[in-house]
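Before any comments, here is the structure.
Chains as they are written, first to last, in my numbering: chain A, -16 to 184; chain B, 2 to 166.
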């Protein structure tokens, strides 16, 4: 049992696959075991003789015939085991095509993924949305009905003023008119409250 | 004279657009007040837009029917949005609201806002096809100023109401 393990080590030694430690161990064993010594010598002799042998001189026709049979034999055994698959010959035969195809696929997939992730074009309507302003405003109106009434009255006054101004002040700079209107409003309604003494003076 | 005709055209279009609204709801309701506010803002906006952008009669005749139609659609959506937001507020107050109910409500709000956004974008595209570059530039500034003035006006109304209380 023990020698069987050393026999395996002898085989490895001749193949050059033994570590220095194992080699020392084997040499120690060979020094004491006649049977293993004989086995080692026999194997060594076989190896030397095998190396000395020359390969057979085949004719090119014979080589081709041998390859053909070998291939046929492989294919037959593969078919029997059901392991061989039909390979995609197109791409294997043309690696450049395969690389190109993969690259194209990567580009297409990247485009598909990146397409949706581009930031959407910001429209002016969204930047300056009247509807967003209205939404904030409507929330205030919701809270207080009297504010809604007061605001509505202001709007009506503004529309009225707008129509009158259109009739009376055609051609005058509108910006000035709006500013005048606001200044007048502020003076009438807000300054009086803020500085009540002014009115008395 | 040209300006007067423009104003008359706007008011006529606007009044025509309002006929179905008046025939649907009872006057004096809360929704009615809100709709009046929305209508008045629209009228004021249309008037100021005409003047600020110096729209010609031809432009007014093309732009305002589209604007009026769009306004009706957006007003309906805003009304619905207001209702959804009211519901959302009451859901937040109510501890028993389930997660899926929130999801449902939020999705609806997103949908409505998206619909409004799409309509605004579509109108903007249409408007750009009708305006000169100078008018387009003026429109940008007009929008900013109008929205700002609107909020200022609202704040003034609040201050006045608080003063009178």
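In this text, a Cβ means the ideal position worked out from N, Cα and C, and glycines have one as well.
Proximity of residue 127 of chain A to chain B, defined by a Cβ-Cβ separation below 8 Å, is satisfied. With its beta carbon less than 8 Å from one in chain A, residue 159 of chain B belongs to the interface. At a cut-off of 8 Å, the C-beta of residue 133 of chain B has no neighbouring C-beta in chain A.
Taking 8 Å as the threshold, the shortest C-beta distance from residue 116 of chain B to chain A does not fall below it.
Nearest CB-CB separation between residue 75 of chain B and chain A: below the 8 Å threshold. In this structure residue 125 of chain B is not in contact with residue 112 of chain A, their Cβ atoms being roughly 10 Å apart against a cut-off of 8 Å.
The beta carbons of residue 118 of chain A and residue 82 of chain B sit about 7 Å from each other, so the pair counts as a contact at 8 Å. When rounded, the separation of the alpha-carbon atoms in residue 160 of chain B and residue 98 of chain A is 49 Å. For residue 12 of chain A, the closest C-alpha among the options A:-13, A:138, A:93 and A:25 is that of A:-13.
Neighbours of residue 132 of chain A across chain B, judged by C-beta separation under 8 Å: 34. The Cβ of residue 137 of chain A sits closer than 8 Å to at least one Cβ of chain B. Residue-level contact by beta carbon fails for residue 108 of chain B and chain A, as no gap is shorter than 8 Å. Using a Cβ-Cβ distance cut-off of 8 Å, the region 34 to 41 of chain B and the region 134 to 141 of chain A are in contact, since at least three pairs of beta carbons, one from each stretch, lie closer than that value. Distance from the CA of residue 147 of chain A to the CA of residue 58 of chain B, rounded to the nearest whole angstrom, comes to 19 Å.
Per DSSP, reduced to three states, the secondary structure at residue 169 of chain A is helical. In this structure, the alpha-carbon of residue 106 of chain B lies about 19 Å from that of residue 125 of chain A. Annotated as proximal: residue 114 of chain A and residue 117 of chain B, with beta-carbon spacing under 8 Å.
Of the candidates B:111, B:92 and B:96, B:92 places its Cα closest to the Cα of residue 103 of chain B.
Across the structure, residue 90 of chain A and residue 138 of chain B are spaced so that their CA atoms are roughly 40 Å apart. Our two residues, residue 57 of chain A and residue 48 of chain A, have alpha carbons roughly 14 Å apart in a direct line. Burial check for residue 169 of chain A: the Cβ neighbour count within 10 Å stays below 16, so the residue is exposed.
Excluding the 5 residues flanking it on each side, residue 130 of chain A has same chain C-beta neighbours closer than 7 Å at 123 and 124, in chain order.
At a beta-carbon threshold of 8 Å, the residues of chain A lying near residue 152 of chain B are 116, 119 and 120, ordered along the chain. If you draw a straight line from the Cα of residue 134 of chain A to the Cα of residue 157 of chain B, it comes to about 8 Å. For residue 79 of chain B, the chain A residues whose C-beta falls within less than 9 Å of its own C-beta are 114, 117, 118 and 121, listed in chain order. In this chain, the alpha helix (DSSP H) harbouring residue 115 of chain B covers 100 to 131. Looking only at A:30, A:22 and A:25, the smallest Cα-Cα distance to residue -1 of chain A is reached by A:30. Check the Cα spacing between residue 53 of chain B and each of B:70, B:147 and B:108: the tightest is with B:147.
Put simply, of B:78, B:164, B:132 and B:33 the residue whose alpha carbon is nearest the alpha carbon of residue 115 of chain B is B:78.
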